[in-house]
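Take a look at the structure below.
Numbering (this note's numbering), first residue to last: 5 to 149.
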């Protein structure tokens with residue numbers, strides 16, 4: 005059901021914890037499944053992500069996608085981090101079961117939320133970044149009609 009990589013990142017998550025005085029912090033949740041993900045970014049003056057940590061309350065897939073997402077953005081520029089999509093997270097984990105795809109979306113949104121916080125704190129605009137939703141299912145009801 006789960007790939008070896010998903011199991012590895014669930015059982016041995018990378019970058020767990022918090023960063024004090026983080027450059028950006030993003031918290032997102034999914035009210036339907038109860039997962040909550042918080043990502044902390046330490047970004048230097050050249051807009052390079054020097055460190056990244058996460059705290060996730062959720063299922064094994066939520067922990068694994070958080071762990072992989074932090075691995076994918078560490079050492080990258082802010083613009084490169086913007087390119088990390090839920091698809092990229094899933095591919096890096098060798099896939100997820102269809103019912104767990106939302107976990108990878110949560111990881112993407114948490115990165116974007118942390119980047120948004122960083123941009124707000126520094127009075128900058130990050131190309132392609134829009135204000136994040138606190139719940140990834142906000143607005144879905146309208147789309148279902």
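Backbone N, C-alpha and C define an ideal beta-carbon position, used for all residues, glycine too. Please read all numbers here as calculations on a predicted model, not as lab measurements.
Of the choices 38, 44, 70 and 50, whose alpha-carbon is the least far from that of residue 90?
70
Which of helix, strand or coil does DSSP assign to residue 121?
helix
What residue does the alpha helix (DSSP H) around residue 76 start on, and which one ends it?
64-77
Rounded to whole angstroms, what's the CA-CA distance from residue 65 to residue 11? Just pull it up for me.
8 Å
On the DSSP letters alone, give me the boundaries of the alpha helix (DSSP H) that residue 41 sits inside.
Counting along the chain, no alpha helix (DSSP H) covers residue 41; the unbroken beta strand (DSSP E) around it starts and ends at 39-47.
May I ask you to verify whether the stretch 97-111 touches the stretch 69-86, counting CB pairs closer than 8 Å and requiring at least 3?
yes
If we define contact as Cβ-Cβ less than 8 Å, is residue 130 a contact residue for chain D?
No chain D appears in this structure, which consists of one protein chain only.
For residue 117, which of 126, 137, 127 and 16 has the nearest alpha-carbon?
137
DSSP-derived helix/strand/coil call for residue 108:
helix
State the Cα-Cα distance for the pair residue 61 and residue 30, rounded to the nearest angstrom.
14 Å
Just to check my reading of the structure: residue 81 and residue 124 have Cβ atoms closer than 8 Å, yes? What is that Cβ distance to the nearest angstrom?
Not really, about 18 Å apart at Cβ, beyond 8 Å.
Per-residue burial, residue 21 [other beta carbons within 10 Å of its own, 16 or more giving buried]
exposed
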